[in-house]
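Taking it in order: structure first as structure tokens, then the write-up.
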Amino acid sequence: GQNAFMLMGDAEAESEDLILENIQANVVKVGHHGSLTSSTDRLVSKINPQYAIISCGAKNPYGHPISWVVDRWKEVGANVYRTDLHGNIVVESDGLDCTVTTQKFA
715 GQNAFMLMGD AEAESEDLIL ENIQANVVKV GHHGSLTSST DRLVSKINPQ
765 YAIISCGAKN PYGHPISWVV DRWKEVGANV YRTDLHGNIV VESDGLDCTV
815 TTQKFA
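If you want this note's numbering, it's the position in the sequence shown, counting the first as 1, plus 714.
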């Protein structure tokens with residue numbers, strides 16, 4: 715297919731620097747719940763995804779995601795989806811295009 719997904723897990727800035735060499739993705743699962751230690755300018759601009767997915771709990775005690783991290787993804791044109799706002803997030807690919815659907819919690 716033509717789509718690439720990047721799942722960053724709990725990657726922080728140091729890990730991000732190690733993977734910057736040859737990277738691009740249509741969809742990225744943002745690292746470390748959108749914390750202030752993830753999503754460096756270099757990484758975000760290099761990946762330049764269509765979709766950025768942030769997994770975080772509503773009103774979590776850590777303040778995730780950090781607002782400027784969300785803004786950083788939006789500034790490169792990514793459609794940002796957050797589990798605290800959108801609930802379940804499903805990304806499907808037919809090999810050429812990706813679609814995102816959400817299901818808010820009851």
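Don't be surprised by glycine CBs; every beta carbon is placed ideally from N, CA and C. The structure displayed is predicted, hence computed values, not measured ones.
#1: Could you tell me whether the segment 715-732 touches the segment 790-799, using the rule of 3 or more Cβ pairs below 8 Å?
#2: Check whether the Cβ atoms of residue 777 and residue 798 sit closer than 8 Å, and answer yes or no.
#3: Please work out which residues of its chain come closer than 6 Å, Cβ to Cβ, to residue 802, disregarding the five sequence neighbours upstream and downstream, and give them in chain order.
#4: Hey, how far is the Cα of residue 746 from the Cα of residue 773?
#5: So is residue 779 buried or exposed if we call it buried at 16+ other beta carbons inside 10 Å?
#6: What's the call for residue 742, buried or exposed, on a 16-neighbour Cβ count within 10 Å?
#7: Hey, how far is the Cα of residue 800 from the Cα of residue 735?
#8: In this structure, how does DSSP classify residue 783 when only helix, strand and coil are distinguished?
#9: Compute the Euclidean distance between the alpha carbons of residue 765 and residue 775, then round it to the nearest angstrom.
According to the structure data:
#1: no
#2: On the sequence shown, residue 777 is found 63 positions in, with the first residue counted as 1. On the sequence shown, residue 798 is found 84 positions in, with the first residue counted as 1. Against a cut-off of 8 Å, the Cβ pair of residue 798 and residue 777 comes out as no contact.
#3: If you number the sequence shown from 1, residue 802 lands on position 88. If we look at residue 802 and ignore the five residues flanking it on each side, its Cβ neighbours are 817.
#4: Translated into the one-based positions of the sequence shown, residue 746 becomes position 32. Translated into the one-based positions of the sequence shown, residue 773 becomes position 59. Looking at the two C-alpha atoms, the distance is approximately 16 Å.
#5: Walking along the sequence shown from the start, residue 779 turns up at place 65. The residue is buried, with at least 16 neighbouring Cβ atoms inside 10 Å.
#6: Here residue 742 refers to the residue found at position 28 when the sequence shown is read from its first residue. It is buried - the Cβ of residue 742 has at least 16 other Cβ atoms within 10 Å.
#7: Position 86 of the sequence shown, counting from 1, holds the residue named residue 800. Position 21 of the sequence shown, counting from 1, holds the residue named residue 735. One C-alpha to the other measures close to 32 Å.
#8: In the sequence shown, residue 783 corresponds to position 69, counting from 1. Residue 783 falls in the helix class under three-state DSSP.
#9: The residue labelled residue 765 in the question sits at position 51 within the sequence shown. The residue labelled residue 775 in the question sits at position 61 within the sequence shown. For residue 765 and residue 775, the distance between alpha carbons rounds to 26 Å.
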